[in-house]
Amino acid sequence: MSLLPPEEEGDGVEVAWEDQQRINTFSKLNNRLSDIQDLLKAKNEEKEYYDDLSTELELADEDDPQPVMYKIGEAFFYLPLRDARRQLKGDLKKYEKEIEGLESKAEECEKGMKELKVLLYAKFGKQINLETTS
């Protein structure tokens, strides 16, 4: 007994072990992509904070002897303005590399998912739904 409307009922294609493995792989890639997108969002927000800080430090007075509070890891340290700018430049490069790496991993997941969609839709048609909600 099928719960699908008659026009969506297929010819009852049998799910082979290889097909199940492809479906599982698709699911893993989908979950990995979701995790990567969450990480990307967090890294981009953090990079925006560093960009804002960069603007603030550029506007800071060079002659002011006051050290700047700068976050390194989980702690804040007082650094001279010049050192804070140097540290910030390194941190920005680090975030850009991390973002590029995550974007590359996301593209790999999307590519793998696209290939699996083609294979699975070719065999199962409307009997399978591989569309993501995000």
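Using the numbering used here, read the sequence shown as starting at 75 and increasing by one per residue.
Glycine is no exception: its CB is placed at the ideal position from the N, C-alpha and C atoms.
Remember, predicted model here, so these are calculated numbers, not experimental data.
Continuous alpha helix (DSSP H) stretch holding residue i: start and end
{"i": "Ile173", "result": "Leu155 to Phe198"}
{"i": "Ile202", "result": "Element bounds for Ile202: n/a, residue is neither H nor E."}
{"i": "Ala90", "result": "Where Ala90 is concerned, there is no enclosing alpha helix (DSSP H), given that its DSSP letter is neither H nor E."}
Contacting residues, own chain, Cβ-Cβ under 8 angstroms from residue i (five flanking each side not counted)
{"i": "Tyr169", "result": "Lys117, Glu120, Lys121 and Tyr124"}
{"i": "Glu172", "result": "Lys117"}
{"i": "Trp91", "result": "none"}
{"i": "Leu166", "result": "Lys121, Tyr124, Asp125 and Ser128"}
Same chain, Cβ closer than 6 angstroms to residue i, five either side skipped, listed in chain order
{"i": "Ile110", "result": "Leu176, Lys179 and Ala180"}
{"i": "Asn203", "result": "none"}
Cut-off 7 angstroms between Cβ atoms - residues of its own chain near residue i, not counting five sequence neighbours on either side
{"i": "Arg96", "result": "Leu190, Leu193 and Leu194"}
{"i": "Leu113", "result": "Leu176"}
Status (buried if at least 16 other CB within 10 Å, exposed otherwise) for residue i
{"i": "Phe100", "result": "buried"}
{"i": "Asn104", "result": "buried"}
{"i": "Tyr152", "result": "exposed"}
{"i": "Met187", "result": "buried"}
{"i": "Ala134", "result": "exposed"}
{"i": "Val87", "result": "exposed"}
{"i": "Val142", "result": "buried"}
Counterpart residues of residue i in DSSP-defined beta bridges
{"i": "Phe150", "result": "Lys145"}
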